[in-house]
Each structure stands twice: as C-alpha cells, then as structure tokens.
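Numbering (my numbering), first residue to last: 221 to 510.
Yeah, the Cβ is synthetic: ideal placement off N, Cα and C, and Gly gets one too.
Notes to accompany the following structure.
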C-alpha cells in the first residue's frame, strides 16, 4: 500500500491528517501545509515472478511500485517518509532460516535509504512489522548490527540533536525494542511522530516471541508505559502527535480474533487515545492489507 497524506495547521494548531488514496474520501479541500509518504506491507519476494509470488510482491510488481514511489518523491516532495513494516515475503518457518527472507529485508531498506537520500535527505522512518525480525515471524525485533550501522535503520536522515528545520530524535531510549519518537519537521514545528512496535502486543501460534516466556510481557509493559509518558509530555508541551504502528488494536478482519493479546495493555492504549485526543493528529497502521 502506498498512500500520500498531509498534515496542516492554522496558526499553531494542527488539524487532523487528510489522506489522499483510492476509496477514501477527503472531506477537507484545504491544501495541506506539509505532506508525507506512507508505504506499508511490501512483502518482497525478489526472486519470484508475480505469478509465482504466492500473494507477495514479485519482481514485476516491485519494479512498478518503485517507479511509482520514486515519481511521488520527485513530484510531490514529501517532507518525510514512513514505512509501516513487513518488508520481506511471508515466511512460514517458526525460525528464520531463510537467507532469501533476510536478503529481502536488506534489499528494501537499501532501496528506501537510496531513494530518500537522492532528493536532499528526506527523513525516513521504519516501523517494525511482524515479518521484519531476523529471528522469525512475530519474534522480538532482532537485526544484525550492519542493518543499523550501514543503513541507519530505523531512522535515516534524522539528526540525533535538534537543529532548526531538521528532523531530529525526541526519544530513542527504547530504539532496539522498536519504539521511539522524533520531530519529523524539526522540534520548532511541535509535531511529534511516535513509533510503536505493536508486534510486542501480538501473539501467533507457532511463532514464539522469545525463548524467554516472560520477555514479551516485560517488553509490552515497558513500551506501553513509555507511550503513556510520551503522550503526557506532548500534552504538557502543547505538541501534536502522529502515531505509527504496524499491528493496530481491535479485531482481525479475517479471523475475528483480537489483534492484541493483552486486553489490559489495549485498555491503557485506548484510554491514552481518549485522554489526549486533542493532541493526536492521526494514527497510521498496516498489517491488515485493507
């Protein structure tokens, strides 16, 4: 899925995001002040023709998608780019033994880094998907150091220190867990992007999160507490917040089962959404392919 969206404000007050995509109605015709590009669920199977890709993205579709993305970047000049996760093909093995799947992860990250660098350093943010860990589907986020050091995953063209007009990190204390916050337009614009690794909030039969059976619960509690603190801080600083995640809360449209396994965690999240609704300018999620 490729979506072009916009954030706008009157004076210092941001309004809700407008999404320009097939099948979605754009009620507000006022042009956005800033636009950004969102890509989700690529599921690259680079070695297969589209007919043999089994529902994933084969070579021909990937080439067409890259052309469309490059055109959008060139013509629309988004202020930042968000990739909402699930970069490689589906992998049905409990453990990630497939070299090809790992190569697909690296291939997609490299493409986006190169595309974002070309126009003049567009900030690029990766949101962890359930297929994106080196260790297997739905497992704790684990990637080799080379992915972080060579490609800059998950934040590319985002400064560690805030300088006027440049995207910068707000909080990366839980970066290796897959959650962090940045100011995508610079901290003077008072728009904060919060990225959550909601794979931590999910469970899937046959795909263990960690050999340590207690680790998922610890990570989930750590992340939801961090999120609550981030939202409280945004409210105190009179900031607007854009929230990005891979797996949304609610019911799975296919299985009709809960997306998040812990209802207490979900309740804390939904309470925060209600409490800070005046600060929230949008919520982005992938995973459902809808």
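Secondary structure in the segment 390 to 451: the beta strand (DSSP E) runs of 3 residues or longer, each lying completely within the stretch, are 400 to 403 and 411 to 415 in chain order. Taking C-beta atoms under 8 Å as the contact rule, residue 270 and residue 257 fail to qualify, at a distance of about 23 Å. Per the coordinates, the alpha-carbon of residue 463 lies some 15 Å from the alpha-carbon of residue 374. The beta carbons of residue 348 and residue 419 sit about 6 Å from each other, so the pair counts as a contact at 8 Å. For the options 306, 334, 328 and 473, the alpha carbon positioned closest to that of residue 266 is the one of 328.
Between residue 326 and residue 367 a beta carbon distance of about 7 Å is seen, short of the 8 Å cut, so the two are scored as contacting. With 16 or more other Cβ atoms inside 10 Å of its own Cβ, residue 412 counts as buried.
By the Cβ-count criterion, residue 443 is buried, with 16 or more other Cβ atoms from all chains shown falling within 10 Å of its own Cβ. Under the three-pair Cβ rule at 8 Å, the segment 495 to 510 counts as touching the segment 452 to 467. The count of Cβ pairs closer than 8 Å, one atom from the segment 436 to 451 and one from the segment 475 to 494, reaches three, so the stretches are in contact. When secondary structure is reduced to three states using DSSP, residue 375 falls in the strand class.
In the DSSP assignment, residue 344 falls within the beta strand (DSSP E) that extends over 344 to 346.
Excluding its 5 nearest sequence neighbours in each direction, residue 377 has C-beta neighbours in its own chain below 8 Å: 336, 337, 341, 342, 343, 344 and 387, listed in chain order.
The straight-line gap separating the alpha-carbon atoms of residue 369 and residue 293 is approximately 25 Å.
In the DSSP secondary-structure assignment, residue 335 is not bridged to any residue.
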